[in-house]
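Chemist: Letter by letter, the sequence shown follows residues 9 to 372 in my numbering. Using N, Cα and C, we set each Cβ at its ideal position, and we do this for glycine too. Owing to the predicted nature of the structure, the values given are computational and were not obtained by experimental measurement. One structure follows; several queries about it will come next.
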Amino acid sequence: MKLGIVGLPNVGKSTLFNSLTKAGIEAANYPFCTIDPNVGIASVPDVRLDALAKIYNPPSVVPAVIEFVDIAGLVKGAGKGEGLGNKFLSHIREVDAIVHVVRCFEDDNIIHVEGGINPQRDIETINFELIFSDLEALERRYAKAVKAAKSDKSAQKEIELIERLKIELENGLSARSIQLDEEERTIAESFNLLTFKPVLYAANVTESDLTNDAKENSHYTQVVQIAKQENSGAFVVCAKIEEEIAELEEEEKRLFLEELGVSESGLDRIVSASYKLLGLISYLTAGPKEVRAWTITRGTKAPGAAGKIHTDFERGFIKAEVVAFDDLMKHSSVAAAKDAGLVRVEGKEYVVKDGDVILFRFNV
Ligand code: GDP
9 MKLGIVGLPN VGKSTLFNSL TKAGIEAANY PFCTIDPNVG IASVPDVRLD ALAKIYNPPS
69 VVPAVIEFVD IAGLVKGAGK GEGLGNKFLS HIREVDAIVH VVRCFEDDNI IHVEGGINPQ
129 RDIETINFEL IFSDLEALER RYAKAVKAAK SDKSAQKEIE LIERLKIELE NGLSARSIQL
189 DEEERTIAES FNLLTFKPVL YAANVTESDL TNDAKENSHY TQVVQIAKQE NSGAFVVCAK
249 IEEEIAELEE EEKRLFLEEL GVSESGLDRI VSASYKLLGL ISYLTAGPKE VRAWTITRGT
309 KAPGAAGKIH TDFERGFIKA EVVAFDDLMK HSSVAAAKDA GLVRVEGKEY VVKDGDVILF
369 RFNV
């Protein structure tokens with residue numbers, strides 16, 4: 009999963025990006041890992057991996073990962089296609105979802121580029137840049153579709169959709185907030201619009217706000233409302249605290265957060281918010297050589313899940329031997345879970361569930 013971090017200058021993007029990706033993980037396992045300083049990876053925290061590692065004692069425990077891209081430079085005027093702006097916008101096109109950092113912390117020492125703290129205005133500023141860019145893209149697409157319609161009747165549907173999207177976008181709406189039926193959704197996806205990407209608003213609050221989930225922070229309440237209106241997600245984070253805990257060991261981190269009265273780290277919050285927004289789950293593979301988590305979309309069938317490991321697994325799929333993580337834990341080994349009748353043999357139509365521990369059988 010690839011998440012792009014955007015937001016106005018001075019809202020805490022880099023602080024958050026650096027903290028989340030500081031832990032750094034073994035790059036060898038992740039071929040996509042580049043040397044671009046604006047790209048970093050973080051492992052998806054999953055206590056189930058540690059529990060499985062205790063059973064199997066493998067030399068390698070591999071968590072699922074999130075790739076973060078720090079998309080700085082998205083400022084007023086970026087959407088008009090001038091100069092550098094365009095480059096930043098093209099980075100956004102490549103991500104699965106956008107994490108939009110919004111400043112909700114008061115601090116007189118940190119200048120706000122637009123004056124005071126005002127999440128609604130800040131969100132609109134960034135969204136307008138993306139909308140501008142999308143309107144340009146829609147103009148180009150429209151011209152093409154009109155040409156195509158002369159010989160291809162099916163282009164008419166596309167023309168109607170573009171006309172509708174243009175009106176909504178000109179009114180300041182993002183494409184993701186517009187109600188579309190399934191067919192329209194498929195066509196809209198092919199436009200690759202920036203404002204069609206799923207968005208998570210990260211409300212960057214002060215340390216004291218984090219303790220009570222920012223319930224008393226009216227800026228955060230505003231962010232949540234905006235998120236709701238446009239089918240986006242929202243969560244609280246304190247970049248300052250993330251910065252402080254970035255270099256701590258897991259146990260120290262837990263104690264530090266506990267003292268603050270906080271149950272989850274920023275990474276935990278981003279992971280659960282993005283999994284929920286994107287409809288993702290994890291399944292697990294476990295053996296004496298490796299224990300590993302794999303991210304899939306909810307609803308993926310067994311062969312598709314196997315394909316995450318290797319395309320050969322999908323092509324030659326025979327069956328999946330599946331045990332739910334909790335059942336495995338209750339019996340402490342696959343053999344004991346099997347004796348208890350809890351290991352199922354599933355075929356091609358099986359829909360994989362979160363926490364399934366799976367062994368795939370396949371032909372090579
Ligand atoms: P960016 O321009 O959005 O990447 O913002 P930075 O991450 O560079 O942060 C800008 C300034 O705000 C830096 O001096 C940070 O230390 C400070 N900052 C970031 N997050 C917080 C926060 O949660 N609380 C406070 N008080 N300051 C923060």
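(1) For Ala301, which beta-bridge partners are listed by DSSP?
(2) With a threshold of 8 Å, are at least 3 pairs of Cβ atoms found where one atom belongs to the stretch 218-226 and the other to the stretch 261-271?
(3) In the DSSP assignment, find the unbroken alpha helix (DSSP H) run with Tyr283 in it and report its ends.
(4) Straight-line CA distance for Ala157 to Glu191?
(5) Can you list, in chain order, the residues of its chain whose CB lies under 7 Å from that of Ala153, leaving out five sequence neighbours each side?
(6) With respect to the alpha helix (DSSP H) encompassing Ala72, which residues constitute its N-terminal and C-terminal limits?
(7) Here's the rule I'm using: 16 or more other beta-carbon atoms within 10 Å means buried, otherwise exposed. How should Asp142 be labelled?
(8) If you drop the 5 nearest sequence neighbours on each side, which residues of the same chain put their C-beta closer than 7 Å to that of Val69?
(9) Between Ala36 and Phe76, what straight-line distance do the alpha-carbon atoms span, to the nearest angstrom?
(10) Straight-line CA distance for Ala222 to Lys297?
(11) DSSP state of Arg323, grouped into three classes?
(12) For Ile118, does the count of other Cβ atoms within 10 angstroms reach 16, so buried, or fall short, so exposed?
(13) Could you name the residues of the same chain whose beta carbon sits closer than 6 Å to that of Leu97, not counting the 5 residues immediately before and after it, in chain order?
(14) State the DSSP-derived secondary structure class of Val232, mapped to helix, strand or coil.
(15) Is Pro127 near ligand 1 - that is, is its Cβ less than 7 Å away from at least one heavy atom of it?
(16) Could you tell me the distance, in whole angstroms, from the CA atom of Ile13 to the CA atom of Glu250?
(17) Between Thr214 and the rest of its own chain, which residues show a CB-CB distance below 6 Å, the 5 nearest in sequence each way excluded?
(18) Between the alpha carbons of Leu350 and Lys327, how many angstroms are there, rounded?
(19) Tell me whether the stretch 203-214 and the stretch 226-234 touch, counting them as touching only if at least three CB pairs, one residue from each stretch, are closer than 8 Å.
(20) Who are the near neighbours of Arg149 in its chain, counting only those whose CB is closer than 7 Å to its CB and skipping five residues on each side?
(21) Taking the alpha-carbon positions, what's the Gly124 to His108 distance?
(22) Find the nearest neighbour of Leu24 within the set Ala183, Val52 and Ile253, judged by alpha-carbon distance.
(23) For Leu173, which of helix, strand or coil comes out of DSSP?
(24) Can you give me the Cβ contacts of Tyr64 inside the same chain, cut-off strictly under 8 Å, excluding the 5 residues immediately before and after it?
(25) Between Ile134 and Leu16, which are expected to be in contact by the criterion C-beta below 8 Å, what is the C-beta distance as a whole number of angstroms?
Modeler: Reading from the atomic positions:
(1) Translated into positions along the sequence shown, residue 301 becomes position 293. Answer is Leu292.
(2) yes
(3) Position 275 of the sequence shown holds residue 283. Its alpha helix (DSSP H) spans residues Gly274 to Leu286.
(4) The count along the sequence shown starts at 1 and reaches residue 157 at position 149. The count along the sequence shown starts at 1 and reaches residue 191 at position 183. So the alpha carbons of these two residues sit roughly 18 Å apart.
(5) Counted from its first residue, the sequence shown places residue 153 at position 145. Result list for Ala153: Ala163, Glu166, Ile167 and Ile170, in chain order.
(6) For the purposes of this step, residue 72 is taken as the residue at position 64 of the sequence shown. It is not in any alpha helix (DSSP H) - Ala72 carries neither H nor E in the DSSP assignment.
(7) Counting from one through the sequence shown, the residue named residue 142 turns up at place 134. The residue is buried, with at least 16 neighbouring Cβ atoms inside 10 Å.
(8) Locating residue 69 in the sequence shown gives position 61, counting from the first residue. Hits under 7 Å: Leu57, Ala61 and Val299.
(9) Walking along the sequence shown from the start, residue 36 turns up at place 28. Walking along the sequence shown from the start, residue 76 turns up at place 68. Legend: pLDDT at Ala36 = 46, less than 50; position of this residue unreliable, value from coordinates given subsequently. Going by the C-alpha atoms only, they are around 17 Å apart.
(10) Residue numbering aside, residue 222 sits at position 214 when the sequence shown is read from its first letter. Residue numbering aside, residue 297 sits at position 289 when the sequence shown is read from its first letter. If you take the alpha carbons of Ala222 and Lys297, they lie about 43 Å apart.
(11) Your numbering for residue 323 matches position 315 in the sequence shown. Note: Arg323 maps to helix in three-state DSSP.
(12) Residue mapping note: residue 118 aligns to position 110 of the sequence shown, counting from 1. Exposed, since its Cβ has fewer than 16 Cβ neighbours within 10 Å.
(13) Here residue 97 is taken as the residue at index 89 of the sequence shown, counted from 1. Correct list, in chain order: Ser141.
(14) Mapped onto the sequence shown, residue 232 falls at position 224. Helix, per DSSP.
(15) Within the sequence shown, residue 127 is the residue found at index 119, counting from 1. No, the beta carbon of Pro127 sits no closer than 7 Å to any heavy atom of ligand 1.
(16) As a working mapping, residue 13 is identified with position 5 in the sequence shown. As a working mapping, residue 250 is identified with position 242 in the sequence shown. Distance between the alpha carbons of Ile13 and Glu250: 15 Å.
(17) Translated into positions along the sequence shown, residue 214 becomes position 206. These residues qualify, in order along the chain: Phe113.
(18) Walking along the sequence shown from the start, residue 350 turns up at place 342. Walking along the sequence shown from the start, residue 327 turns up at place 319. Spanning the alpha carbons of Leu350 and Lys327 requires a straight line of approximately 16 Å.
(19) yes
(20) Counting from one through the sequence shown, the residue named residue 149 turns up at place 141. The answer, listed in chain order, is Ile170 and Phe199.
(21) Walking along the sequence shown from the start, residue 124 turns up at place 116. Walking along the sequence shown from the start, residue 108 turns up at place 100. Their Cα atoms are separated by approximately 18 Å.
(22) On the sequence shown, residue 24 is found 16 positions in, with the first residue counted as 1. Residue Ile253 is the option with its Cα nearest to Leu24.
(23) As a first step, residue 173 must be located in the sequence shown, where it is residue number 165. Residue state, collapsed to three classes: helix.
(24) Taking the first residue of the sequence shown as position 1, residue 64 is located at position 56. Cβ contact annotation for Tyr64 (same chain, cutoff 8 Å, sequence separation greater than five): Ala294, Gly295, Pro296 and Val299, in chain order.
(25) Counting from one through the sequence shown, the residue named residue 134 turns up at place 126. Counting from one through the sequence shown, the residue named residue 16 turns up at place 8. Going by Cβ atoms, the distance from Ile134 to Leu16 rounds to 7 Å, so yes, they are a contact pair.
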